[in-house]
Structure formats: C-alpha cells, structure tokens
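Quick note on my numbering: the sequence shown kicks off at 40 and runs consecutively.
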Amino acid sequence: MIEKLIQGVRVRFRNGINHVAVGNLTQTLLIVPREHRSLLTQIDVLPPANFGHGPEYAGGGSGVGWPRLSELCFDTHYRPNNFPRNLTLLHEIGHIMENEYDCLSHLAPEHRRVIDNVTIPATAHTTGPTEHYAIAYQQVLSGNPPQAVRDAVYASRAFAGIDAPSP
Ligand SMILES: [Zn+2]
40 MIEKLIQGVR VRFRNGINHV AVGNLTQTLL IVPREHRSLL TQIDVLPPAN
90 FGHGPEYAGG GSGVGWPRLS ELCFDTHYRP NNFPRNLTLL HEIGHIMENE
140 YDCLSHLAPE HRRVIDNVTI PATAHTTGPT EHYAIAYQQV LSGNPPQAVR
190 DAVYASRAFA GIDAPSP
C-alpha cells in the first residue's frame, strides 16, 4: 500500500499512485463537506478482484467502515460518469454518513418518503433503505437532484449545522 493525503483524507493505493485517480479524488473530495471528510478513516483503492463481484467490477464498497474503490472506477471506459467527480465515492460516503448519523430513522416522515422513493439502478449490488439514502446523497452533492431530494438530504442529521455545499 502506498498512502497519499488528499484533501485531508488518507488514501491508500494497493498498486501504487495512480495520477488519474489522485486528480479525480481531489476534485471529488473538494465538494464533500469538511465535517464529512473528517469522518473518513481512509479510502482504499484496490484491484477489482478484491470485491468479489468479478474481474470487471468498477464500483465500490464501504461495509468495513470506510470507502473502498475498485481501480476500475477511475477508468473512463468503465466509468465515464465518474469524471470529473467520482459518483462511486460520493455514494460510498453517503453510506458511511447514513451509518454514522443514523440519518434515515431520524428523518421526518415526509422527508423519509422522498428518500425511500429514490430509484435504485438495476445494476446495483446493494438494495434496502440505506441504498436509497446513499444514492440521494450522491445526487445532492454531484448534480441537480429534484428539490424534494435536496431538501430531504439537507434535513438529515449528517447535515445538521453544515452549510449546504455549492454544486
Ligand atoms: Zn450502495
């Protein structure tokens, strides 16, 4: 493992520093609230074989408590939509924030309904309530989500006391 500090977050590369990944992670972490970055123990960049979803897995995981990203999620062929900002990483950070703040169970019913209705892509390896929150978090940080989704995510405990990031 080679480590590099990116926007204050320790990133560990199993196969050496990848400069495309460093640039992409820098751009992505810039839009993550500082309070959320500080909750990330580390980010691991690992070969696709480490994830158990096959040799072409270009996604991530966060079940161990920090984001783990396949090297292929920095490949423009596999993940063109991860540039300029890495949607996979934002999604995994969403999972970690949901877990850290227990966001869903503290949401007001009207916000909870909005999150529960965020669509999970057919290609997702994970389902369940927290998957909806992770997708909503990623949408809010990276793009132009429906206003109701934006309102619901900002109303969640992960954003208490945090200024809404500018897209
Ligand atoms: Zn997920």
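Note that CB positions come from ideal geometry on N, CA and C, so glycine has one too.
From a predicted model like this one, the values you see are computed outputs, not experimental measurements.
Asked, Found
"I135 vs L64 beta-carbon contact at 8 angstroms", "no"
"Nearest residue (CA-CA) to I159, options L108, C142, I174", "I174"
"Bridge partners - D83, DSSP secondary structure assignment", "R51, R107"
"First and last residue of the uninterrupted beta strand (DSSP E) at I174", "I174 -> not in any beta strand (DSSP E); alpha helix (DSSP H) instead, spanning 168 to 181."
"Contact test: A173 Cβ vs ligand 1 heavy atom, cutoff 7 angstroms", "yes"
"Anticipated Cβ contact below 8 angstroms, E137 with Y172, distance rounded", "5 angstroms"
"Backbone CA spacing between R151 and D83 [nearest angstrom]", "31 angstroms"
"Straight-line gap, I56 to I41 (C-alpha atoms, nearest Å)", "7 angstroms"
"Contact between the segment 141 to 150 and the segment 91 to 108 (3+ Cβ pairs under 8 angstroms)", "no"
"Limits of the alpha helix (DSSP H) - the one that L128 falls within", "126 to 140"
"P119 versus E149: straight-line alpha-carbon distance, rounded", "34 angstroms"
"Contact test: H130 Cβ vs ligand 3 heavy atom, cutoff 7 angstroms", "Summarising the ligand content, the structure contains ligand 1 and does not contain ligand 3."
"The beta strand (DSSP E) enclosing E42, as first and last residue numbers", "41 to 45"
"Distance between beta carbons of F113 and A60, contact taken as under 8 angstroms", "4 angstroms"
"T165 Cβ short of 7 angstroms to ligand 1 heavy atom set", "yes"
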